[in-house]
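J.:
Protein chains: 2
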Amino acid sequence: MKIILAKSAGFCFGVKRATTMAFDAAGKCSRICSLGPIIHSPQLVRKLEEEGVEVVRRVEDVPGGAVIIRSHGVTADELEELRRRDLEIVDATCPFVKKAQEFARKLSREGYVVVLVGEAEHPEVQGIVSYASGGEVFTVADRAEAEALPRKKRIGVVAQTTQSFENLQQIVGVCLEKSLELRVYNTICDATSVRQNEAREIAAKSDLMLVIGGFNSANTSRLAQICKEILPATHHIETASQIDPGWFHNVQTVGITAGASTPRWIIEEVLERVGTVGK
Amino acid sequence: MKIILAKSAGFCFGVKRATTMAFDAAGKCSRICSLGPIIHSPQLVRKLEEEGVEVVRRVEDVPGGAVIIRSHGVTADELEELRRRDLEIVDATCPFVKKAQEFARKLSREGYVVVLVGEAEHPEVQGIVSYASGGEVFTVADRAEAEALPRKKRIGVVAQTTQSFENLQQIVGVCLEKSLELRVYNTICDATSVRQNEAREIAAKSDLMLVIGGFNSANTSRLAQICKEILPATHHIETASQIDPGWFHNVQTVGITAGASTPRWIIEEVLERVGTVGK
Ligand code: F3S
Ligand code: F3S
Chain A
598 MKIILAKSAG
608 FCFGVKRATT
618 MAFDAAGKCS
628 RICSLGPIIH
638 SPQLVRKLEE
648 EGVEVVRRVE
658 DVPGGAVIIR
668 SHGVTADELE
678 ELRRRDLEIV
688 DATCPFVKKA
698 QEFARKLSRE
708 GYVVVLVGEA
718 EHPEVQGIVS
728 YASGGEVFTV
738 ADRAEAEALP
748 RKKRIGVVAQ
758 TTQSFENLQQ
768 IVGVCLEKSL
778 ELRVYNTICD
788 ATSVRQNEAR
798 EIAAKSDLML
808 VIGGFNSANT
818 SRLAQICKEI
828 LPATHHIETA
838 SQIDPGWFHN
848 VQTVGITAGA
858 STPRWIIEEV
868 LERVGTVGK
Chain B
598 MKIILAKSAG
608 FCFGVKRATT
618 MAFDAAGKCS
628 RICSLGPIIH
638 SPQLVRKLEE
648 EGVEVVRRVE
658 DVPGGAVIIR
668 SHGVTADELE
678 ELRRRDLEIV
688 DATCPFVKKA
698 QEFARKLSRE
708 GYVVVLVGEA
718 EHPEVQGIVS
728 YASGGEVFTV
738 ADRAEAEALP
748 RKKRIGVVAQ
758 TTQSFENLQQ
768 IVGVCLEKSL
778 ELRVYNTICD
788 ATSVRQNEAR
798 EIAAKSDLML
808 VIGGFNSANT
818 SRLAQICKEI
828 LPATHHIETA
838 SQIDPGWFHN
848 VQTVGITAGA
858 STPRWIIEEV
868 LERVGTVGK
C-alpha cells in the first residue's frame with residue numbers, strides 16, 4: 598500500500614514559525630505568557646502550558662516577564678501598551694500579516710480611505726484595522742457589504758490573509774464603482790489555496806483519503822469537503838485512534854492531509870497507525 | 598405636440614470646447630491648420646475649412662503659423678516637436694484626456710507597469726500610451742487580452758475616456774490576478790453613458806424618437822439601437838431632409854437626441870422641421 602502525505606499538510610509557514618518561537622522562548626524565560634492561544638489546537642496549547650506558557654486574554658492580564666504575540670498579530674495600541682510596560686516581547690506576528698498592517702498604515706497615511714476585506718470580529722482584522730485608524734477605515738466581508746460603502750475619491754484595499762481571491766476580486770470591482778482612484782494590495786496568503794489544491798490532486802489519485810484536524814476547525818472541514826467531492830472515500834479524523842481498519846479493504850493508495858491547526862505529531866501518529874493497519 | 602430635446606444631445610464638453618477654440622483661433626490666425634480632423638463630422642470640417650483651417654495628418658505637414666490639437670490629444674513626442682518648431686499651439690486636448698495622460702505618466706514614473714484599457718489604433722490611446730513609454734506599457738481592449746498579460750509586481754491601470762465601465766471592471770479583475778499591487782485611475786468620461794441614459798428616459802415617455810447623426814457613426818447607431826429597444830418608433834436620421842411627415846400620425850410627444858459628433862445647427866434644422874411637419 599502506498600501512502601501520499603501532502604507537503605502542505607498542517608501548519609502554514611506563519612504558524613510553524615510562531616510555535617517554534619513560543620517553545621524557544623518558553624525554554625529561556627521563567628515567566629512567560631501568550632496573548633490569546635497561539636493556535637486553535639487544544640493539544641498544542643496544553644503542551645505549551647506544560648512548558649510554562651500561560652494564555653492570557655488581554656494586555657492588562659499579562660503578569661510581567663515575556664509575552665508572545667501570536668501569528669494573527671495585535672492592534673497598534675496593544676503593541677504600544679506592551680512596549681510601555683517594558684515587557685519582553687516575542688513578536689510572532691506572521692510576516693505576511695505584518696505586511697498587511699504596514700500597507701493599511703501606508704494607505705491611510707497617504708490619504709486613502711481604507712477598505713479591509715475580512716471578518717470584522719477576527720483578531721487579525723482588528724489588528725490590521727488599527728494601523729489605518731488615523732483615517733477612515735471600513736471592514737467589508739463580502740460584495741453586499743461593499744455595495745453599502747459611501748463614494749470616496751481615493752480608496753485603498755487590503756485583505757485579511759486568509760480571504761479567498763474571488764471575494765477580494767468582487768469587492769475590488771465594487772470599490773472601483775465607488776472611487777476615482779483605487780489602490781489594492783493583494784495581501785492574501787496562498788497557504789490555504791495551496792493546501793486545498795494539493796489535497797485535490799492527492800485525492801484524485803488515491804483510493805482512501807484521510808483529513809486530520811479538529812471537528813470544529815472550519816478550514817479542516819472545508820478541506821475534507823473538497824476531498825470528498827473528488828473521492829467519496831474521504832474521512833475527517835481528529836486523531837489516529839479514530840481510524841477504522843475496515844476502510845483499508847482493497848485500498849492501494851492512501852492520501853493524507855491535515856488542516857492548518859493540526860500539529861505535526863498528530864499527523865505522525867496517523868502515519869504510524871496507517872502503516873500498521875494498512876499492512 | 599410636445600418636443601423633448603435631450604440636454605446631452607450632440608457634442609460633449611470636450612468636443613464643444615475644441616470646436617469653439619478652433620473657430621476662435623481661425624478668426625485670429627492667418628495661417629492655421631488642425632492636426633487631424635477636429636471631429637468626425639464632414640459638415641463641421643468643411644465649415645472650418647471655409648474659415649481657413651486646413652486639416653493635416655502629420656506634424657511634418659504643418660506648414661507653420663498656428664496648429665490646433667484636437668480633443669483626442671497627441672503623443673508626447675508630437676507635442677515636443679510642435680514646440681520645437683516654435684508654432685503657435687492651440688491645445689484643445691480635452692481636460693479629461695489630459696488627466697489620463699498625466700496619470701499614465703505618474704504611474705510609469707512611480708514604477709508601475711501601465712495597462713491602458715482601450716483600442717490600440719485610436720489616436721487618444723496612442724497619445725496616452727506615449728506618456729507612459731518611459732516604462733513598460735500594455736494596451737488591452739478586453740478581458741481576453743488582459744488574460745494574456747505577464748505577471749508584474751505593480752500594475753497601474755488607466756482607461757481611454759470612452760471605454761465602458763464594465764470593460765474596465767473586468768480588466769481590473771484580471772490585473773488583480775497578475776499583480777501584488779494594483780492601482781487604478783478611473784479615467785472614463787461619463788459623457789457617453791449620460792447621453793445614453795438620458796435617451797432611454799426620453800424614449801420611454803415619447804411616441805416618436807429621432808436620433809440624429811452620421812449613419813457611419815458608431816456612437817449614434819448605438820444610441821438609436823438603445824432607443825429602439827424601448828420605443829420601436831425610433832428613426833436614425835442624418836439630416837432634417839430625411840424626416841417623413843407620415844411618422845407624426847397620432848404622435849403627442851417627440852423625443853430628440855443626437856450622437857457625439859452631430860453639430861448644433863444640424864440638430865436645430867431638425868427641430869425646426871419637426872415643428873413644421875408636426876403641426
Ligand atoms: S499565519 Fe499562515 S496562513 Fe499565511 S499569513 Fe501567515 S503563513
Ligand atoms: S472629449 Fe468628450 S467624451 Fe469626455 S473625455 Fe472629453 S468630454
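Keeping their order, the protein sequence lines are chains A and B.
Take 598 as the starting number for the first sequence in this note's numbering and just add one per residue.
Take 598 as the starting number for the second sequence in this note's numbering and just add one per residue.
Even for Gly, the Cβ is constructed at its ideal location relative to N, Cα and C.
Remember, predicted model here, so these are calculated numbers, not experimental data.
Cβ-heavy atom distance between residue 687 of chain B and ligand 2 below 7 Å?
T.: Not under cutoff, so the answer is no.
J.: Given 7 Å as the limit, tell me if residue 697 of chain B has its C-beta closer than that to any heavy atom belonging to ligand 1.
T.: Not under cutoff, so the answer is no.
J.: Residue 837 of chain A: buried (16+ other C-beta within 10 angstroms of its C-beta) or exposed?
T.: Result: buried.
J.: Residue 670 of chain A and residue 694 of chain A: beta carbons closer than 8 Å?
T.: Contact flag set, yes.
J.: Just how far apart, CA to CA, sit residue 593 of chain A and residue 767 of chain A?
T.: For residue 593 of chain A there is no data in the structure shown, the boundaries of chain A being 598 and 876.
J.: Inspect the CB distances between the region 798 to 811 of chain A and the region 849 to 859 of chain A and report whether three or more fall short of 8 Å.
T.: At 8 Å Cβ cutoff, the stretches touch.
J.: Using a Cβ-Cβ cut-off of less than 9 Å, give me the residues of the region 775 to 791 of chain A that come near chain B, in sequence order.
T.: Under the 9 Å Cβ criterion, the region 775 to 791 of chain A contributes 776, 777, 778, 779, 780, 781, 782, 783 and 784.
J.: Ligand 1: which residues have Cβ under 5 Å from any of its heavy atoms, chain order?
T.: Output, sorted by chain position: A:609, A:610, A:611, A:668, A:691, A:693, A:758, A:786 and A:788.
J.: At what residue ranges does the region 605 to 633 of chain B contain a whole run of the beta strand (DSSP E), taking only runs of 3 or more?
T.: Runs of the beta strand (DSSP E) inside the region 605 to 633 of chain B: 629 to 632.
J.: Below 8 Å, can you find three or more Cβ-Cβ pairs linking the region 744 to 755 of chain B to the region 767 to 787 of chain B?
T.: Yes, since at least three Cβ pairs between the region 744 to 755 of chain B and the region 767 to 787 of chain B fall closer than 8 Å, the two stretches touch.
J.: Near residue 833 of chain B, what residues of its chain come up, given a Cβ to Cβ distance below 6 Å and the 5 sequence neighbours on each side ignored?
T.: For residue 833 of chain B, where only same-chain residues beyond five positions count, the Cβ hits under 6 Å are 808 and 821.
J.: Whole-angstrom Cβ separation of residue 668 of chain A and residue 689 of chain A, contact assumed at under 8 Å?
T.: So it is a contact: roughly 6 Å between Cβ atoms.
J.: If the cut-off is 8 Å on Cβ atoms, which residues from the region 764 to 775 of chain B count as contacting chain A, listed in chain order?
T.: Listed by position along the chain: 765, 766, 769, 770, 773 and 774.
J.: Would you kindly report the start and end of the unbroken alpha helix (DSSP H) that includes residue 872 of chain B?
T.: Looking at the DSSP string, the run of the alpha helix (DSSP H) that includes residue 872 of chain B is 861 to 874.
J.: By DSSP, does residue 817 of chain A sit in helix, in strand, or in coil?
T.: Here residue 817 of chain A sits in helix by DSSP.
J.: For residue 639 of chain A, is the classification buried or exposed, using 16 other Cβ atoms within 10 angstroms of its Cβ as the cut-off for buried?
T.: By the 10 Å Cβ count, residue 639 of chain A comes out exposed.
J.: Going by other Cβ atoms of all chains shown within 10 Å of its Cβ, with 16 needed for buried, is residue 627 of chain A buried or exposed?
T.: Exposed is the call here.
J.: Taking the Cβ atom as the reference point for each residue, do residue 771 of chain A and residue 733 of chain A lie within a distance shorter than 8 Å?
T.: No, they are not a contact pair.
J.: If you scan the region 783 to 815 of chain A from start to end, which runs of the beta strand (DSSP E) of 3 or more residues do you find wholly inside it?
T.: Segments of the beta strand (DSSP E) lying fully in the region 783 to 815 of chain A: 805 to 809.
J.: Quick check on the DSSP output: the alpha helix (DSSP H) that includes residue 740 of chain A runs from which residue to which?
T.: Segment 740 to 744, the alpha helix (DSSP H) holding residue 740 of chain A.
J.: Give the single residue among A:606, A:599, A:600 and A:602 whose Cα lies nearest to the Cα of residue 791 of chain A.
T.: Here the closest residue by C-alpha is A:606.
J.: What ranges does the alpha helix (DSSP H) occupy inside the region 699 to 734 of chain A, keeping only unbroken runs of at least 4 residues that lie completely in it?
T.: Whole alpha helix (DSSP H) segments, 4+ residues: 720 to 727.
J.: Report the start-end ranges of each beta strand (DSSP E) in the region 624 to 696 of chain A that is 3 residues or longer and not cut off at the edges.
T.: Fully enclosed beta strand (DSSP E) runs of 3 or longer: 629 to 632, 650 to 653, 663 to 666 and 685 to 688.
J.: Can residue 849 of chain A and residue 598 of chain A be called in contact, C-beta distance under 8 Å?
T.: Contact: yes.
J.: Evaluate residue 783 of chain B with the Cβ neighbour count: other Cβ atoms within 10 Å of its Cβ, from every protein chain shown; 16 or more gives buried, anything less gives exposed.
T.: Result: buried.
J.: Does DSSP put residue 602 of chain B in a helix, in a strand, or in coil?
T.: If DSSP states are grouped into helix, strand and coil, residue 602 of chain B belongs with the strands.
J.: DSSP beta-bridge partners for residue 779 of chain A?
T.: DSSP output for residue 779 of chain A lists A:752 and B:781 as bridge partner(s).
J.: So, for residue 816 of chain B: in the same chain, excluding its five sequence neighbours on each side, which residues have a beta-carbon less than 7 Å away from its beta-carbon?
T.: Excluding positions up to five away in sequence, the list reads 789, 856 and 857.
J.: Determine whether the beta carbon atoms of residue 705 of chain A and residue 729 of chain A lie at a separation below 8 Å.
T.: Result yes, Cβ atoms of residue 705 of chain A and residue 729 of chain A sit closer than 8 Å.
J.: In the structure shown, what three-state DSSP assignment does residue 830 of chain B receive?
T.: Here residue 830 of chain B sits in coil by DSSP.
J.: What is the DSSP secondary structure of residue 769 of chain A, reduced to helix, strand or coil?
T.: Residue 769 of chain A falls in the helix class under three-state DSSP.
J.: Secondary structure at residue 823 of chain A, three-state DSSP: helix, strand or coil?
T.: Looking at residue 823 of chain A - three-state DSSP - the assignment turns out to be helix.
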